[in-house]
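Numbering (the working numbering), first residue to last: 751 to 918.
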């Protein structure tokens, strides 16, 4: 299959949860693995008021002018979320670092089903409250991640956030 002109997909769409298709992380990763450099948006796709504010895209633009917003979308200067906030993300010298609002899970994804889990172990056993983290550091030297890295977060309410891919 050849895809041309694809610039992004919906990683999450609130209204499609009613038909079991709210999340599209696997499709996004398969597109990235195939070499399609695409971004992912989270949307509430509000058809009913109960769908309001369940998914959104946080744009990191110079200002709120349309040209600035579109430029940020074109360059991947945004992240998608259902709640968690992403404050900083970078990969330099083989070290990946990210800072974010409190989350119980942080997974660094890379191509071909590889990744690095930043889950916080449930030290007190099943059913106990999960411990939260606000940052992760992964030493990728010697791991040889391929093509891209992207961060996926989950907070204690089960809400997720997705960074845009950092292309290697």
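Ideal Cβ positions, reconstructed from N, Cα and C, are used throughout, including at glycine.
Here the structure is a predicted model, which means the values were calculated and not measured.
How is the alpha helix (DSSP H) around residue i delimited, first residue to last?
i, result
"residue 824", "816-825"
"residue 902", "Per DSSP, residue 902 belongs to no alpha helix (DSSP H); it is in the beta strand (DSSP E), 898-904."
"residue 782", "775-783"
Would you check if the distance between the CB atom of residue i and the CB atom of residue j is smaller than 8 Å?
i, j, result
"residue 901", "residue 822", "no"
"residue 761", "residue 792", "yes"
"residue 781", "residue 915", "no"
"residue 795", "residue 806", "no"
"residue 854", "residue 904", "yes"
Classify residue i: buried if its beta carbon has 16 or more other beta carbons within 10 angstroms, exposed otherwise.
i, result
"residue 755", "exposed"
"residue 810", "exposed"
"residue 886", "buried"
"residue 837", "exposed"
"residue 860", "buried"
"residue 729", "Because the chain here runs from 751 to 918, residue 729 falls outside it and cannot be looked at."
Express the C-alpha separation of residue j and residue i in angstroms, rounding to a whole number.
i, j, result
"residue 912", "residue 852", "14 Å"
"residue 812", "residue 862", "34 Å"
"residue 909", "residue 831", "8 Å"
"residue 845", "residue 888", "6 Å"
"residue 882", "residue 829", "20 Å"
"residue 850", "residue 789", "20 Å"
"residue 817", "residue 787", "22 Å"
"residue 819", "residue 777", "26 Å"
"residue 808", "residue 827", "9 Å"
"residue 898", "residue 917", "4 Å"
"residue 824", "residue 880", "37 Å"
"residue 856", "residue 757", "25 Å"
Provide the residue span of the beta strand (DSSP E) that contains residue i, from first to last.
i, result
"residue 836", "836-842"
"residue 859", "855-860"
Based on the DSSP output, what are the partners of residue i in its beta bridges?
i, result
"residue 807", "830"
"residue 761", "Per DSSP, none; premise fails for residue 761."
"residue 883", "853"
"residue 794", "BP columns for residue 794 are empty, so no partner."
"residue 847", "840, 887"
"residue 910", "904"
"residue 916", "899"
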